[in-house]
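Asks:
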Amino acid sequence: MKADPKGVLTGEHYLDGDHACAEGALAAGCRFFAGYPITPSTEVAERYVSRIPMVGGIFIQMEDELASMAALVGAAWGGKKSMTVTSGPGFSLMMENIGLAAMMETPCVVVNVQRGGPSTGLPTMVGQQDMMQARWGSHGDYQIIALSPASPQEAFDYTIKCFNLAEKYRVPVLFMMDECVGHMTEKVVIPKPDEIEITPRRLTKLAPEKYLPYKTNGDLVPEMIVAGTGYKIHSTGLTHDERGYPVMSPGTQDQLVKRLCDKIKLNADDIIEIEEDQTEGAEVIVMAYGITSRVTLPAVFKARKKGIKVGYIKMITAWPFPEKRVRELAKKVKAFVMPEINLGQMVLEVERCAAGQAKTYHVPHAGGWVHDPEDIYQVIEEAVK
Amino acid sequence: MASLKELAAREQKLAPGHRACAGCIPALTFHQVLRSAPGHVVASCATGCIEVVTTIYPYTAWKIPFIHNAFENSAATISGVEAAYQALKRKGKVTKDIKFIGFGGDGGTYDIGLQSLSGAMERGHDMLYVCYDNEAYMNTGIQRSSATPFAADTKTAPVGKVRKGKKQYPKNLTEIIIAHDVAYAAQASPSFWRDLNKKVEKALSIEGPAFINVLAPCPPGWRFPTEMGIEMGKLAVDTCFWPLYEFENHKRKLTYKPKEKLPLSEWTKHQGRFRHLHQEENKHLLELAQQEVDRRWKELLFLCGEPA
Numbered sequence: 001m002k003a004d005p006k007g008v009l010t011g012e013h014y015l016d017g018d019h020a021c022a023e024g025a026l027a028a029g030c031r032f033f034a035g036y037p038i039t040p041s042t043e044v045a046e047r048y049v050s051r052i053p054m055v056g057g058i059f060i061q062m063e064d065e066l067a068s069m070a071a072l073v074g075a076a077w078g079g080k081k082s083m084t085v086t087s088g089p090g091f092s093l094m095m096e097n098i099g100l101a102a103m104m105e106t107p108c109v110v111v112n113v114q115r116g117g118p119s120t121g122l123p124t125m126v127g128q129q130d131m132m133q134a135r136w137g138s139h140g141d142y143q144i145i146a147l148s149p150a151s152p153q154e155a156f157d158y159t160i161k162c163f164n165l166a167e168k169y170r171v172p173v174l175f176m177m178d179e180c181v182g183h184m185t186e187k188v189v190i191p192k193p194d195e196i197e198i199t200p201r202r203l204t205k206l207a208p209e210k211y212l213p214y215k216t217n218g219d220l221v222p223e224m225i226v227a228g229t230g231y232k233i234h235s236t237g238l239t240h241d242e243r244g245y246p247v248m249s250p251g252t253q254d255q256l257v258k259r260l261c262d263k264i265k266l267n268a269d270d271i272i273e274i275e276e277d278q279t280e281g282a283e284v285i286v287m288a289y290g291i292t293s294r295v296t297l298p299a300v301f302k303a304r305k306k307g308i309k310v311g312y313i314k315m316i317t318a319w320p321f322p323e324k325r326v327r328e329l330a331k332k333v334k335a336f337v338m339p340e341i342n343l344g345q346m347v348l349e350v351e352r353c354a355a356g357q358a359k360t361y362h363v364p365h366a367g368g369w370v371h372d373p374e375d376i377y378q379v380i381e382e383a384v385k
Numbered sequence: 386m387a388s389l390k391e392l393a394a395r396e397q398k399l400a401p402g403h404r405a406c407a408g409c410i411p412a413l414t415f416h417q418v419l420r421s422a423p424g425h426v427v428a429s430c431a432t433g434c435i436e437v438v439t440t441i442y443p444y445t446a447w448k449i450p451f452i453h454n455a456f457e458n459s460a461a462t463i464s465g466v467e468a469a470y471q472a473l474k475r476k477g478k479v480t481k482d483i484k485f486i487g488f489g490g491d492g493g494t495y496d497i498g499l500q501s502l503s504g505a506m507e508r509g510h511d512m513l514y515v516c517y518d519n520e521a522y523m524n525t526g527i528q529r530s531s532a533t534p535f536a537a538d539t540k541t542a543p544v545g546k547v548r549k550g551k552k553q554y555p556k557n558l559t560e561i562i563i564a565h566d567v568a569y570a571a572q573a574s575p576s577f578w579r580d581l582n583k584k585v586e587k588a589l590s591i592e593g594p595a596f597i598n599v600l601a602p603c604p605p606g607w608r609f610p611t612e613m614g615i616e617m618g619k620l621a622v623d624t625c626f627w628p629l630y631e632f633e634n635h636k637r638k639l640t641y642k643p644k645e646k647l648p649l650s651e652w653t654k655h656q657g658r659f660r661h662l663h664q665e666e667n668k669h670l671l672e673l674a675q676q677e678v679d680r681r682w683k684e685l686l687f688l689c690g691e692p693a
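Residue numbers (the working numbering), protein chains in the order written: chain A, 1 to 385; chain B, 386 to 693.
(1) Excluding the 5 residues preceding and the 5 following B/Ala407 in the sequence, name in chain order all residues of the same chain whose CB lies nearer than 6 Å to its CB.
(2) Using CA coordinates, which residue listed in B/Pro602, B/Glu396 and B/Gln572 is at the minimum distance from B/Tyr641?
(3) Could you pull out every unbroken beta strand (DSSP E) segment of at least 3 residues lying fully inside the stretch 278-343 of chain A, listed in chain order?
(4) Along the chain, where does the beta strand (DSSP E) that runs through A/Cys162 open and close?
(5) Going by DSSP, what residue range makes up the beta strand (DSSP E) through B/Gly618?
(6) When you compare the CB positions of B/Met523 and B/Cys434, do they come within less than 7 Å of one another, or not?
(7) If we cut at 7 Å on Cβ distances, does B/Lys556 have a partner in chain A?
(8) Along the stretch 60-74 of chain A, what residues have a CB closer than 7 Å to any CB found in chain B?
(9) Quick one: which chain B residues come within Cβ less than 7 Å of A/Ile38?
(10) I want to verify the contact list: residues of chain A whose CB lies under 8 Å from the CB of B/Tyr522, in sequence order.
(11) Find the nearest neighbour of A/Gln133 within the set A/Gly88, A/Ala366, A/Leu122 and A/Ile160, judged by alpha-carbon distance.
(12) Quick check: what's the CA-CA separation for B/Thr462 versus B/Val585?
(13) What does A/Gln61 pair with, by DSSP beta-bridge criteria?
(14) Measure the C-alpha to C-alpha separation of A/Gly137 and A/Gly182 and round it to an integer number of angstroms.
(15) Of all the options A/Pro200, A/Ala358, A/Ile145 and A/Thr124, which has the alpha carbon lying nearest to the alpha carbon of A/Lys332?
(16) Run through the DSSP bridge pairs and tell me what A/Asp16 is partnered with.
(17) Apart from the five residues on each side of it in sequence, which residues of its chain come closer than 7 Å, Cβ to Cβ, to A/His139?
(18) Quick check on A/Glu197 - is its C-beta less than 7 Å from some C-beta in chain B?
(19) Quick one: is the Cβ of B/Glu665 within less than 6 Å of any heavy atom of the ligand FAD?
(20) Counting C-beta neighbours from all protein chains within 10 Å, is the total for B/His635 16 or more, i.e. buried, or is it exposed?
(21) Under DSSP, the beta strand (DSSP E) around B/Cys516 begins and ends at which residues?
(22) Is there a Cβ of chain C sitting closer than 7 Å to that of B/Thr445, yes or no?
(23) By DSSP, does A/Pro123 sit in helix, in strand, or in coil?
(24) Between A/Val347 and the rest of its own chain, which residues show a CB-CB distance below 7 Å, the 5 nearest in sequence each way excluded?
(25) Write down the C-beta distance between A/Asn342 and A/Gln129 rounded to the nearest angstrom, noting that I regard them as a contact closer than 8 Å.
(26) Using a C-beta to C-beta distance shorter than 7 Å, which residues of chain B count as neighbours of A/Ala45?
(27) Less than 7 Å separating the beta-carbons of A/Gly290 and A/Asp178?
(28) Are the CB atoms of A/Pro322 and A/Ile264 within a distance shorter than 7 Å?
(29) Against B/Val547, what residues of chain A qualify as contacts under a CB-to-CB distance less than 8 Å, listed in chain order?
(30) Specify the secondary structure class of A/Leu9 as computed by DSSP and reduced to three states.
(31) Jot down the residue ranges of each uninterrupted alpha helix (DSSP H) in the stretch 611-680 of chain B, minimum 4 residues, whole runs only, in chain order.
(32) Pull up the DSSP beta-bridge partners for A/Gly116, would you.
(33) Taking A/Val257 as part of the alpha helix (DSSP H), name the residues at either end of that continuous run.
(34) Give me the subset of the stretch 113-129 of chain A whose CB atoms are less than 7 Å from a CB atom of chain B, sorted by chain position.
(35) Out of A/Tyr36, A/Met104 and A/Val49, state which residue places its alpha-carbon closest to the alpha-carbon of A/Asn112.
(36) Would A/Val370 count as contacting chain B if we go by Cβ distances under 7 Å?
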């Protein structure tokens, strides 16, 4: 399906990442936005608010982030593609309802423009410290999809991808931006509507009397309905069977929770997107995401000039983690180096997947600014020894 | 009650030299409230303008114990401090008389902090909560809150070709708190500083939960000249948009009645956020805003046992 021309502002623009994200959402067909002001994400909401009267859709400012996330769940079941945007403290408040959305298999997009934490932390300054929270933040076992853009252009492009993945897998998709990408202004090219691929909702063709809301057809993702169109469905955060009725039994729990995880895990190859450069024959591979994937480049270039064989991986998908590729490469390289603006989060995944076959080096940064590329270079030099 | 001389002689609990904007009435509100509180005070403050401008590292303007918590929990936090104090007092480990004041802006009080405030008021802690209501999320750059007036221009309820600012009338938070049947509640304005001063003294002298809602004009958010803050507060009161009243012993009482009730336009005409209301094509919106002010004023007069 192609994008609805009403939401697509085709042309060349000079936008910051927050504004580009709002344009991506409009292009993707997002027509419901529930939000709450929080630095450095508020501009996404402000852009959406100023544009939506012309496009046709709804913005509601909620009383807090708990309400924002709950409204998304409601709007998605009401048939709309929906999103919210927040930063650290708001992301924490959304966690219970993100789990609810995962349990009810509600397609929606949550944008987190990351700032330094914990708590109020550094409201106006960069961090990449919510990456593990994105994966594990709500209670219970579930799998999630999370993407991370490195530029305003990617903020536009991958917001669309977030919506497409949310529809395809019926899961909340987390867009893990960071303050630098959110507030940096660059050229953004918005294509024509017929050049933008949109994944429509997986609506059932079955008649109401034959439809079971959580029955799957072998691909692990059940078909959905729009509330108010004649289907009497029961949707709940309780453990439920194919009818959606609560069933408190280990058997139903086993079936449901395993499927919630498997629909992401078994489709990881389809979901994961990474960019590789000179990884074949590399001695050491630098992996990074978000703004750090750009700050890393001068270090990579310097190392190559000095004759070190350095491969580079930019992770666009953070979750599910590109496990298979890291395991393959771990057999061939001496070491992985991961700079990130936290004290060690995604690097734990690299280390787990390298499984002792290659060394893993972390380049930490507590937040508030990006790395000095020289610090990353020093670790590359150490890793290759 | 403390005389003006006594008030002036008291040591300031909030030091000057903080980073508030020129003409910031919320900052003045904090000064007035804290000056009205003699003796030991422990304060909490939700995330917001005043928290930011009084506490940016490496400085703090607070000369008393101060807790900045998250956005939604100023009242809950100070209620915890108060409960601990009561326990220590019972055991004789603390003998001083200490007052507890929770602060929050309208976002942190009307919206995200309402649950925590309601809980604290209902549990009956011996504390005062002061809301400095500047009628929008000013700290994040002027987004609407449930305290924002009808038709006001904000970044998330903007004025444009299709929409004309906020569609809803402001939430009546003072009445919500009064519905908790608290020991004391009031609406106040730093433009009527003596009235505010009396209300704070009274709130702190009465045992039990107290609440004061202070309208605190914001020059950049409301878009009026920085020297007009006190005038903006006065006009809000004299147009009966922000009546000054108190609730005590289950009864409401007006503490100030304008000699002449001014039309709402006398207040709105000075503010950029209401500029569109004074254009011919939006006259009906100003009328709607006026009608709601009149309705609420009439209702309040009835509740206060005043002649209409």
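Virtual Cβ for every residue (Gly too), placed ideally from N, Cα, C.
Keep in mind that this is a model prediction, so the values were computed, not measured.
Replies: Put simply:
(1) For this step, residue 407 of chain B is matched to residue 22 along the second sequence. Correct list, in chain order: Thr611.
(2) Residue mapping note: residue 641 of chain B aligns to position 256 of the second sequence, counting from 1. The shortest Cα separation from B/Tyr641 among B/Pro602, B/Glu396 and B/Gln572 belongs to B/Gln572.
(3) 284-288, 310-315, 317-319 and 335-339
(4) The count along the first sequence starts at 1 and reaches residue 162 of chain A at position 162. Per DSSP, A/Cys162 belongs to no beta strand (DSSP E); it is in the alpha helix (DSSP H), Pro152 to Tyr169.
(5) Here the question's residue 618 of chain B lines up with position 233 in the second sequence. Where B/Gly618 is concerned, there is no enclosing beta strand (DSSP E), although the alpha helix (DSSP H) it sits in stretches over Gly614 to Asp623.
(6) The residue given as residue 523 of chain B occupies position 138 in the second sequence. The residue given as residue 434 of chain B occupies position 49 in the second sequence. Yes, the Cβ-Cβ distance between B/Met523 and B/Cys434 is below 7 Å.
(7) For the purposes of this step, residue 556 of chain B is taken as the residue at position 171 of the second sequence. False, the Cβ-Cβ gap to chain A never drops below 7 Å.
(8) Gln61, Glu63 and Asp64
(9) Position 38 of the first sequence, counted from the start, is the residue given in the question as residue 38 of chain A. Near A/Ile38 (Cβ distances below 7 Å), the residues of chain B are Thr525.
(10) What you label residue 522 of chain B is simply residue 137 of the second sequence in a count that begins at 1. The contacting residues are Pro37.
(11) The residue given as residue 133 of chain A occupies position 133 in the first sequence. Checking every option, the nearest Cα to that of A/Gln133 belongs to A/Gly88.
(12) One-based indexing of the second sequence puts residue 462 of chain B at position 77. One-based indexing of the second sequence puts residue 585 of chain B at position 200. B/Thr462 and B/Val585: Cα-Cα distance of roughly 20 Å.
(13) On the first sequence, position 61 is the one that residue 61 of chain A refers to. Per DSSP, A/Gly35.
(14) The residue labelled residue 137 of chain A in the question sits at position 137 within the first sequence. The residue labelled residue 182 of chain A in the question sits at position 182 within the first sequence. For A/Gly137 and A/Gly182, the distance between alpha carbons rounds to 22 Å.
(15) Here the question's residue 332 of chain A lines up with position 332 in the first sequence. With distances taken between Cα atoms, A/Lys332 lies closest to A/Ala358.
(16) The count along the first sequence starts at 1 and reaches residue 16 of chain A at position 16. Per DSSP, A/Thr185.
(17) Position 139 of the first sequence holds residue 139 of chain A. Around A/His139: Gly99.
(18) Here residue 197 of chain A corresponds to residue number 197 of the first sequence, with the count starting at 1. By this cut-off, A/Glu197 is not an interface position.
(19) Questions concerning the ligand FAD fall outside what the structure shown contains, since it holds no ligand whatsoever.
(20) Here residue 635 of chain B refers to the residue found at position 250 of the second sequence. Exposed: under 16 other Cβ atoms inside 10 Å.
(21) Mapped onto the second sequence, residue 516 of chain B falls at position 131. First-last of the beta strand (DSSP E) with B/Cys516: Leu513 to Asp518.
(22) Going by chain labels, chain C is absent from the structure shown, which instead holds the protein chains A and B.
(23) Along the first sequence, one-based indexing puts residue 123 of chain A at 123. The answer is strand: DSSP assigns A/Pro123 an E or B state.
(24) Numbered from its first residue, the first sequence carries residue 347 of chain A at position 347. Only Met338, Glu340, Thr360 and His362 meet the Cβ criterion.
(25) As a first step, residue 342 of chain A is located in the first sequence; it is residue number 342 there, counting from the start. As a first step, residue 129 of chain A is located in the first sequence; it is residue number 129 there, counting from the start. That pair is a contact at about 4 Å.
(26) Against the first sequence, residue 45 of chain A aligns to sequence position 45. In chain order: Thr541.
(27) In the first sequence, residue 290 of chain A corresponds to position 290, counting from 1. In the first sequence, residue 178 of chain A corresponds to position 178, counting from 1. Closer than 7 Å, so yes.
(28) Looking up residue 264 of chain A in the first sequence gives position 264. Looking up residue 322 of chain A in the first sequence gives position 322. Not closer than 7 Å, so no.
(29) As a working mapping, residue 547 of chain B is identified with position 162 in the second sequence. Here the neighbours are Pro53 and Met54.
(30) What you label residue 9 of chain A is simply residue 9 of the first sequence in a count that begins at 1. In the structure shown, A/Leu9 sits in coil (DSSP, three-state: anything other than H, G, I, E or B).
(31) DSSP assignment within the stretch 611-680 of chain B yields the following whole alpha helix (DSSP H) runs of 4 residues or more, N-terminal first: 614-623 and 650-653.
(32) Locating residue 116 of chain A in the first sequence gives position 116, counting from the first residue. A/Leu122.
(33) In the first sequence, residue 257 of chain A corresponds to position 257, counting from 1. It spans Pro250 to Lys265 - the alpha helix (DSSP H) in which A/Val257 sits, taken as one unbroken run.
(34) Ser119 and Thr120
(35) Here residue 112 of chain A refers to the residue found at position 112 of the first sequence. Its Cα nearest to that of A/Asn112, the residue A/Tyr36 stands out among A/Tyr36, A/Met104 and A/Val49.
(36) Taking the first sequence and counting its residues from 1, one reaches residue 370 of chain A at position 370. Not one chain B Cβ lies under 7 Å of A/Val370.
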